[in-house]
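Okay, so the sequence shown: first residue is 126 according to the numbering used here, each after it adds one. Below is one structure, written out as structure tokens; comments come after it.
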Amino acid sequence: MAKEITSREENYSQWYNDLVVKADLADNSAVRGCMVIKPYGFAIWEKIKDQLDKMFKDTGHVNAYFPLFIPKSFFSKEASHVEGFAKECAVVTHYRLKNDPNGKGIVVDEDAKLEEELIVRPTSETIIWNTYRNWIQSYRDLPILINQWANVVRWEMRTRLFLRTAEFLWQEGHTAHATQEEALEETMKMVNVYADFAEQYMAVPVLRGSKSANERFAGAIETYCIEALMQDGKALQSGTSHFLGQNFAKAFDVKFTSKEGVQEYVWATSWGVSTRLMGALIMAHSDDNGLVLPPKLAPIQVVIVPIYNKAEQLQLLTEHILPIKKQLEAKGITVKFDDRDNYKPGFKFAEHEMRGVPVRIAIGPRDLENKTVEIARRDTLEKKVYPVDQITDVVVNLLDEIQQNIFNKALKFREEHTYKTDSYEEFKEILDTKGGFILAHWDGTSETEDLIKEETKATIRCIPFDAPEEAGKCIRTGKPSNKRVVFARAY
């Protein structure tokens, strides 16, 4: 199966596309720019969703749902917000179809024009803050800590499965607070939730920081983010958390009576991650043999493959395998017993390797005689024989070891591909020959950031929270700078 995948070295982009399809994660749909997420891909997304949902609820948030359609007039109420999304919006103008009087199929009924066009949700700040106006009167109604799991549409011309599609799945948190301090605390809390999830569950090391003014979310005062580095040296923004100040409260006239009896505008945040995390998971860890999944997010953590030639051998093996499966499941491990009789063991090995199953156990008649099993780990492709009575402890420890090893490997890659430079020529050379994160000085102006992007296609990925104060000169203009920022080419 691996022969059907382009190697990373030959063509990284094609490798990614091949892997998404061959690992049975997703497919292009009949609708241009949209994707079909297949059952195995959706199972991974469900693991991501379930863990994040738990982390959100553990921090006091609750789920709700808001409409897919947003009145066009709502977008005109917050100027920078509409400017940021105007070119990406899908617009509904009519509400009915009819048979073509000329017999050419179905046409839009020109008499069914909407009085006001509806925007298919690109993000929900406007519809949610229009709703919050009805929910908030007093400080006693605050804070509101709501998350929504939904789909959104942002019209994209150049798409790639999971990374950039016209429609995608995501979650979006929208919170309302009585004070600026509370809102800022929420914004920071949620970017840290995202970072913890990325590192502890996805096994992807991330940088935490704030966005430059050019890269902020439309309508935000501050945007905090986590940035991950992919194996081709490009960055991938993997989560954002926005401090919206009182912009949306003022746009939709959302006020509350404070403890002092004074009418004040509410403070807001929003934050989100999307199915783009699937792209990060694939590109951060996988290899030329297929997916490499961290055990904590693998839909199947262990697969057991029987090795046999005759039906009676399978029956005997099954009697021994089912108790092993039950023992592992009692430890909370998801196990698949692959007893399909229409595929040979070699095909099954290759298929599960392609799909990134972390641990594979093979058992044949000789293993029954020797009371052993062969265990293969997906991350290193190493195989080893163990006594069958040790299998539970071995697998439990091995899953933890694989999770940590995958993270360590990704962290080592990031460390080896993080550079520091004070020379613009060296900056460009690194981008062209090595890629990765580049720590460099910047004069803090949008004009210089635009110039660097135009000349190199690199953007400021973040201004790290832990960036030390350091006097220096901007790599492009030579003007003073007090700290380094992180540049990279990005998805």
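No residue lacks a Cβ here, since even glycine has one placed at the ideal position from N, Cα and C.
{"Item": "Residues sharing a beta bridge with Y349, DSSP", "Value": "S335, S366"}
{"Item": "The region 322 to 331 / the region 193 to 212 touching (three or more Cβ pairs under 8 Å)", "Value": "no"}
{"Item": "Closest residue to V245 among T543, I162, F194 (Cα-Cα distance)", "Value": "F194"}
{"Item": "One or two residues paired with Q296 in a DSSP bridge", "Value": "W274, V398"}
{"Item": "Nearest-angstrom Cα separation, counted from S249 out to V112", "Value": "No information on residue 112 is available, as it lies outside the stretch 126 to 616 that the chain covers here."}
{"Item": "Short Cβ contact (8 Å threshold) for K359 with A615", "Value": "yes"}
{"Item": "Within 8 Å, strictly: CB atoms of P192 and I252", "Value": "yes"}
{"Item": "I231, buried or exposed, once every other Cβ within 10 Å from all chains shown has been counted against 16", "Value": "exposed"}
{"Item": "Every unbroken beta strand (DSSP E) within the region 408 to 470, with a cutoff of 3 residues, ordered by chain", "Value": "427 to 431, 460 to 462"}
{"Item": "First and last residue of the uninterrupted alpha helix (DSSP H) at V510", "Value": "Run containing V510: none in the alpha helix (DSSP H); it sits in the beta strand (DSSP E), 508 to 512."}
{"Item": "Inter-residue spacing [alpha-carbon to alpha-carbon] between L564 and K598", "Value": "12 Å"}
{"Item": "First and last residue of the uninterrupted beta strand (DSSP E) at D152", "Value": "151 to 153"}
{"Item": "Residues of its chain near V85, where Cβ-Cβ distance is below 7 Å and the 5 sequence neighbours each way are ignored", "Value": "Outside the displayed range of the chain (126 to 616) lies residue 85, so it cannot be described from this structure."}
{"Item": "First and last residue of the uninterrupted beta strand (DSSP E) at H542", "Value": "Here H542 belongs to no beta strand (DSSP E), and DSSP marks it neither H nor E."}
{"Item": "I231 - DSSP class collapsed to helix/strand/coil", "Value": "strand"}
{"Item": "Same chain, Cβ closer than 7 Å to D378, neighbours up to 5 away in sequence not counted", "Value": "R258"}
{"Item": "One or two residues paired with P677 in a DSSP bridge", "Value": "This structure cannot settle anything about residue 677, because the visible part of the chain is limited to 126 through 616."}
{"Item": "Neighbourhood of D149 by C-beta distance below 6 Å, restricted to the same chain and skipping five residues each side", "Value": "K163, Y165"}
{"Item": "Beta-carbon gap between D575 and N224 smaller than 8 Å", "Value": "no"}
{"Item": "Bridge partner(s) assigned by DSSP for C214", "Value": "Paired residues: none, contrary to the question."}
{"Item": "Secondary structure of Q356, DSSP reduced to three states", "Value": "coil"}
{"Item": "N272, buried or exposed, once every other Cβ within 10 Å from all chains shown has been counted against 16", "Value": "buried"}
{"Item": "Alpha-carbon spacing of C214 relative to A343, whole angstroms", "Value": "14 Å"}
{"Item": "Integer Cβ distance of G228 from C587, believed to fall under 8 Å", "Value": "The pair is not a contact, with the Cβ atoms about 58 Å apart (cut-off 8 Å)."}
{"Item": "Backbone CA spacing between Y220 and E242 [nearest angstrom]", "Value": "10 Å"}
{"Item": "Rounded separation between F210 and K197 - CA only", "Value": "12 Å"}
{"Item": "Environment of M282 [buried if 16+ CB atoms lie within 10 Å]", "Value": "exposed"}
{"Item": "According to DSSP, residues forming a beta bridge with P268", "Value": "Looking at the DSSP assignment, P268 forms no beta bridge with any residue, so it has no partner."}
{"Item": "Buried or exposed by the 16-neighbour rule on C-beta atoms within 10 Å, applied to Y468", "Value": "exposed"}
{"Item": "Range covered by the beta strand (DSSP E) that runs through N224", "Value": "222 to 224"}
{"Item": "For N153 and R485, the rounded distance between their alpha carbons", "Value": "30 Å"}
{"Item": "S584, buried or exposed, once every other Cβ within 10 Å from all chains shown has been counted against 16", "Value": "Before going further, note that residue 584 is Thr rather than Ser in the sequence given. Counting Cβ neighbours within 10 Å, T584 comes out buried, since at least 16 surround it."}
{"Item": "Counterpart residues of P589 in DSSP-defined beta bridges", "Value": "G334"}
{"Item": "Backbone CA spacing between N255 and F373 [nearest angstrom]", "Value": "9 Å"}
{"Item": "Inter-residue spacing [alpha-carbon to alpha-carbon] between T497 and V460", "Value": "18 Å"}
{"Item": "Run of the alpha helix (DSSP H) containing Q388, from where it starts to where it stops", "Value": "First-last for Q388: 388 to 390, but that is the beta strand (DSSP E), not the alpha helix (DSSP H)."}
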